[in-house]
Amino acid sequence: MSQPTTLFHKLWQAHVVRSLGEDLDLLHVDRHLIHDLSGARALTDLQERGLAVRNPELCIATPDHSISSQPGRTLASSPFGERLGGGLRKMAEAAGIPFFGLDHPNQGIVHVVGPETGFTLPGSLLVCGDSHTSTHGALGALAWGIGSSEVVHVLATQTVRQRRPQTMRITVDGELGQGVEAKDVILHIIGALGVAAGTGHAVEYAGTTIAALDLEGRMTICNLSIEFGARMGMIAPDETTFAYLKDRPLAPKGGAWDQALAQWRGLRSDEGAVFDREVRIDAADIAPQITWGTSPGQTLAITGTIPAPDSFVEAEQRNNTELALEYMGLSGGQPIAGTKVDRVFIGSCTNGRLPDLRRAAAVAQGRTVASHVTAWIVPGSAQVKVAAEAEGLDKIFLDAGFEWREPGCAQCVATNGETVAPGERCVSTSNRNFVGRQGPKARTHLAGPAMAAAAAIAGEITDVRNLTAVAEDK
Amino acid sequence: MEKLQLLQGVAAPLPRANIDTDIITPAKRLLDANRETMHQHTFEPLRFLADGDENPDFILNKPGYRDAVILITGRNFGCGSSRETAVWGLRGLGIRCVIAESFGDIFFNNCFQNSLLPIRLPGETIAELLAEAGNDQGNMQFQVDVANCTLTTPSGRTITFDLTPDRQTALLEGLDEVGQTLQEDAATAAFQARDRKARPWIYDLGTVD
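From first to last, the protein sequence lines are chains B and H. For the record, in the first sequence the residue sitting at position 104 is 124 according to our numbering, with numbers rising by one throughout. For the record, in the second sequence the residue sitting at position 44 is 47 according to our numbering, with numbers rising by one throughout.
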């Protein structure tokens, strides 16, 4: 009998074109997603070197980073939309790469578009010049973010040179408490392990909590893998995955679907497979999370107290805490709940999918956004937007005083000019609370969509469970 | 790619953990990014004050460190976004080597695409190097020898570091990965021919229309 192996190992081995040395392999790239921030330049670099795109049919290009999210937008609505979005169109079309422009029904954030079109498949190796490419591992793909030189390499050769990482399995078991969602699970994990715990590792998420999540929740988990240093996060595909993919436009059909399914069912870590590191998390320990600092690991249960610098023994941690508190305009020792907010952003490749919007709408329904808060809903893709509108979610949000906007990365990374003003405080469903991420001196608190919607209504950071409890009493 | 064989010069101490690539090159500077001008914005939130003036407290603005070729810094340097502009920005400032306890994986990889050498050393060694680099207002000469994988400090101490043979060769000879992999195209073609039979759905995508 053969040695029990991990899901990671099976995915990796299936893509080795050639071994290039100890732990270094040349791997075949099955799927390549291209966006506007680096796409046009990479394609131009390639052209200048006299090289062609080797397999344009295995790529998809769509603008997401630089474009405006303003209703009625065009490429001209953002400062660099025409140059980067228009440039991508020109270069992608010339190379024969399928392109989903602003007027296309499949435009959206690359990490939302890939899964929802069925471009991302279990067992596929997918790369993109964006660190949140780990998202696609939620479907049982081997997926990770690459730099712009590597993007050129993939375009030219349809391969990537990669060193085999260590493996880690994070098992989460048990039922999630009321008001606790996938975002809270992964923020809790990052807070517990630290922001560099996953460095050099490919992470598999497993356990009953993960198995009970819908695909979109699993994408939220895998998406944030990079925020504790792991380039790759993955979840073994199961019946939930297959049901999600069936009939998606780019997924296999008919006999090919049956053949694929038979292979995909084997994509799981064998009983007894050995990981370099194992972590166990009890779902009962996870409360709704909100970050207080400038790193995703600086997270708290909503009922918690902002740490004081002198509560840390290690000088480096004391120093980090002081810097973070100063930037965030917060005092250690205070409860995080009750902190006044100026903006709320619900969207991004982390939390911009239909179930995310449904959870936010459930909180928003019949309530009103606090008068001092500007609150945005930015669907992750044109498909998400259409589906949400078909359910009337847009109406719920608009009635409550939220803005209902056009799909893209928008205020997560603010490269389209949609920044949070200096000193403003924003509760955001995105992935990074880094210094200056949402704009110079912007103060970001990461949370899930329900918590973000609750902050918009209350005008301050608040426990979503209190709002929903009031609703249930009524 | 430019070769990197022997490097000699000042090392700047930047004792701060988790410096992410948003700090090294803020997102708004990526839009009209190019290799030649990216250094104008490197470390922008740390290097400049709100009014655009240089922050005199930032190490690379201090006399003796302005021409640093090595950066010694805290753990998890270059975490976060995959933006390769972070490496361009460091190169543009003249930095050819970054020494830290650990690095963000994507940044670490990106360094080798641009002839920037990232060196991982234990935390206690980093603490000693930070102290030595912080002595005497800079102007102290460190030396990195890629062929021998050694770092020599101003006090004459020699420390060896790990570097995989393929990366060492690429740095020493200035090899470019695209050029190397194009030589392997027959292997890629053979892989695809074989794989197309096993997984036809990977190659025969439907259309969204």
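No residue lacks a Cβ here, since even glycine has one placed at the ideal position from N, Cα and C. These figures come from a predicted structure and were not determined experimentally.
Span of the alpha helix (DSSP H) around residue 187 of chain B: In the first sequence, residue 187 of chain B corresponds to position 167, counting from 1. Here residue 187 of chain B belongs to no alpha helix (DSSP H); instead the beta strand (DSSP E) covers 186-193.
For residue 72 of chain H, three-class secondary structure by DSSP: In the second sequence, residue 72 of chain H corresponds to position 69, counting from 1. Here DSSP, grouped into helix, strand and coil, assigns residue 72 of chain H to coil.
In chain order, each beta strand (DSSP E) run of at least 3 residues that lies wholly inside the segment 35-81 of chain B: If we require 3 residues or more, the beta strand (DSSP E) runs fully inside the segment 35-81 of chain B come out as 36-41, 44-48 and 51-55.
With 16 other Cβ atoms within 10 Å as the buried cut-off, status of residue 68 of chain H: In the second sequence, the residue the question calls residue 68 of chain H occupies position 65. Residue 68 of chain H should be labelled buried.
Opening and closing residue of the beta strand (DSSP E) in which residue 148 of chain H lies: Locating residue 148 of chain H in the second sequence gives position 145, counting from the first residue. It spans 144-148 - the beta strand (DSSP E) in which residue 148 of chain H sits, taken as one unbroken run.
Cα-Cα separation between residue 163 of chain H and residue 153 of chain H, rounded to whole angstroms: Working through the second sequence from its first residue, we reach residue 163 of chain H at position 160. Working through the second sequence from its first residue, we reach residue 153 of chain H at position 150. Straight-line Cα distance between these residues: approximately 4 Å.
C-alpha distance - residue 374 of chain B paired with residue 121 of chain H, whole-angstrom precision: Position 354 of the first sequence, counting from 1, holds the residue named residue 374 of chain B. Position 118 of the second sequence, counting from 1, holds the residue named residue 121 of chain H. Spanning the two alpha carbons is a distance of roughly 41 Å.
is_contact[residue 493 of chain B, chain H] using C-beta, thresh 8 Å: The residue you call residue 493 of chain B lines up with position 473 of the first sequence. Low local confidence applies: a pLDDT of 48 at residue 493 of chain B is under 50, so the model's placement there is unreliable, and no value is given.
Run of the alpha helix (DSSP H) containing residue 197 of chain H, from where it starts to where it stops: Start at 1 with the first residue of the second sequence, and residue 197 of chain H comes out as number 194. Unbroken alpha helix (DSSP H) run through residue 197 of chain H: 188-201.
Continuous beta strand (DSSP E) stretch holding residue 224 of chain B: start and end: What you label residue 224 of chain B is simply residue 204 of the first sequence in a count that begins at 1. 221-226 is the span of the beta strand (DSSP E), which, as asked, contains residue 224 of chain B.
Terminal residues of the alpha helix (DSSP H) in which residue 316 of chain B lies: The residue you call residue 316 of chain B lines up with position 296 of the first sequence. Judged by DSSP secondary structure, residue 316 of chain B falls outside any alpha helix (DSSP H); it is assigned neither H nor E.
Span of the beta strand (DSSP E), counted from its first residue to its last, around residue 122 of chain H: As a working mapping, residue 122 of chain H is identified with position 119 in the second sequence. First-last of the beta strand (DSSP E) with residue 122 of chain H: 120-123.
Buried or exposed by the 16-neighbour rule on C-beta atoms within 10 Å, applied to residue 9 of chain H: Within the second sequence, residue 9 of chain H is the residue found at index 6, counting from 1. A residue is called buried when at least 16 other Cβ atoms come within 10 angstroms of its Cβ; residue 9 of chain H does not meet this threshold and is exposed.
Cutoff 8 Å: residue 110 of chain B Cβ touching any chain H Cβ: Taking the first residue of the first sequence as position 1, residue 110 of chain B is located at position 90. No - not a single Cβ of chain H is within 8 Å of the one on residue 110 of chain B.
Proximity below 8 Å, CB of residue 124 of chain H to CB of residue 93 of chain H: Position 121 of the second sequence holds residue 124 of chain H. Position 90 of the second sequence holds residue 93 of chain H. No, the pair does not count as a contact, with Cβ atoms beyond the cut-off.
Beta-carbon proximity of residue 198 of chain B to residue 463 of chain B, cut-off 8 Å: As a first step, residue 198 of chain B must be located in the first sequence, where it is residue number 178. As a first step, residue 463 of chain B must be located in the first sequence, where it is residue number 443. Against a cut-off of 8 Å, the Cβ pair of residue 463 of chain B and residue 198 of chain B comes out as no contact.
Any 3 or more C-beta pairs closer than 8 Å across the segment 42-52 of chain B and the segment 169-188 of chain B: As far as the Cβ criterion goes, the segment 42-52 of chain B touches the segment 169-188 of chain B, which means the pair count is three or higher.
Chain B residues whose Cβ lies nearer than 8 Å to that of residue 184 of chain H: Against the second sequence, residue 184 of chain H aligns to sequence position 181. Those within 8 Å of residue 184 of chain H in chain B are 46, 173, 176, 177, 179 and 181.
Positions along the segment 57-84 of chain H whose CB lies within less than 9 Å of some CB in chain B: Listed in chain order, the positions of the segment 57-84 of chain H with a beta carbon within less than 9 Å of a beta carbon of chain B are 77, 78, 79, 82, 83 and 84.
CB contact check: residue 173 of chain H to chain B, cutoff 8 Å: Counted from its first residue, the second sequence places residue 173 of chain H at position 170. No, no contact with chain B.
CB contact flag (residue 113 of chain H, residue 215 of chain B, <8 Å): One-based indexing of the second sequence puts residue 113 of chain H at position 110. One-based indexing of the first sequence puts residue 215 of chain B at position 195. Here residue 113 of chain H is not near residue 215 of chain B, since their CB atoms are 8 Å or more apart.
One or two residues paired with residue 148 of chain B in a DSSP bridge: Reading the first sequence from its first residue, position 128 is the one you call residue 148 of chain B. Under the DSSP definition of a beta bridge, residue 148 of chain B partners with B/53 and B/165.
Cα-Cα separation, residue 423 of chain B to residue 437 of chain B: As a first step, residue 423 of chain B is located in the first sequence; it is residue number 403 there, counting from the start. As a first step, residue 437 of chain B is located in the first sequence; it is residue number 417 there, counting from the start. Residue 423 of chain B and residue 437 of chain B have their C-alpha atoms spaced approximately 17 Å apart.
Exposure of residue 376 of chain B, with buried meaning 16 or more beta-carbon neighbours within 10 Å: Locating residue 376 of chain B in the first sequence gives position 356, counting from the first residue. Buried.
Chain-order list of residues whose beta-carbon lies under 7 Å from that of residue 5 of chain H (same chain, five-residue window excluded): Walking along the second sequence from the start, residue 5 of chain H turns up at place 2. The answer, listed in chain order, is 118 and 177.
Exposed unless 16 or more other CB atoms sit within 10 angstroms - verdict on residue 44 of chain H: As a position in the second sequence, residue 44 of chain H is number 41, starting the count at 1. Under the 10 Å beta carbon count, residue 44 of chain H is surrounded by 16 or more other beta carbons and is classified as buried.
Residue 255 of chain B (DSSP reduced to helix, strand or coil): In the first sequence, the residue the question calls residue 255 of chain B occupies position 235. Reduced to three states, the DSSP call for residue 255 of chain B is coil.
Cut-off 6 Å between Cβ atoms - residues of its own chain near residue 378 of chain B, not counting five sequence neighbours on either side: By 1-based counting over the first sequence, the position of residue 378 of chain B is 358. Nothing listed; no residue qualifies.
Amino acids of chain B, ordered along the chain, whose beta-carbon sits closer than 7 Å to that of residue 20 of chain H: Numbered from its first residue, the second sequence carries residue 20 of chain H at position 17. Neighbours of residue 20 of chain H in chain B, taken as residues at a C-beta separation under 7 Å, are given in chain order as 336 and 340.
Rounded straight-line distance, which links the Cα of residue 53 of chain B to that of residue 1 of chain H: The requested residue 1 of chain H does not occur in the structure, where chain H is confined to residues 4 to 212.
Between the CA atoms of residue 283 of chain B and residue 310 of chain B - distance to the nearest angstrom: Looking up residue 310 of chain B in the first sequence gives position 290. Looking up residue 283 of chain B in the first sequence gives position 263. For residue 310 of chain B and residue 283 of chain B, the distance between alpha carbons rounds to 40 Å.
Spatial neighbours of residue 166 of chain H in its chain, beta-carbon cut-off 6 Å, leaving aside the 5 residues before and after: For this step, residue 166 of chain H is matched to residue 163 along the second sequence. Take residue 166 of chain H, set aside five residues on each side of it, and the residues of its chain with a beta-carbon closer than 6 Å to its own are 152, in chain order.
8 Å Cβ cutoff, residue 27 of chain H in contact with chain B: For the purposes of this step, residue 27 of chain H is taken as the residue at position 24 of the second sequence. For residue 27 of chain H, the answer is no, since every Cβ of chain B falls outside 8 Å of its Cβ.
Counted within 10 angstroms of its Cβ, other Cβ atoms place residue 57 of chain B as buried (16 or more) or exposed: Position 37 of the first sequence, counting from 1, holds the residue named residue 57 of chain B. By the neighbour-count criterion, in which a residue is buried when 16 or more other Cβ atoms sit within 10 angstroms of its Cβ, residue 57 of chain B is buried.
Own chain residues within Cβ distance below 6 Å of residue 494 of chain B, not counting five before or after: On the first sequence, residue 494 of chain B is found 474 positions in, with the first residue counted as 1. Confidence is the limiting factor: at residue 494 of chain B the pLDDT is only 45, short of 50, which leaves the residue's position unreliable, though a coordinate-based value still follows. The answer is none, since no qualifying residue turns up.
Residue 13 of chain H, buried or exposed, once every other Cβ within 10 Å from all chains shown has been counted against 16: Looking up residue 13 of chain H in the second sequence gives position 10. With 16 or more other Cβ atoms within 10 Å, it is buried.
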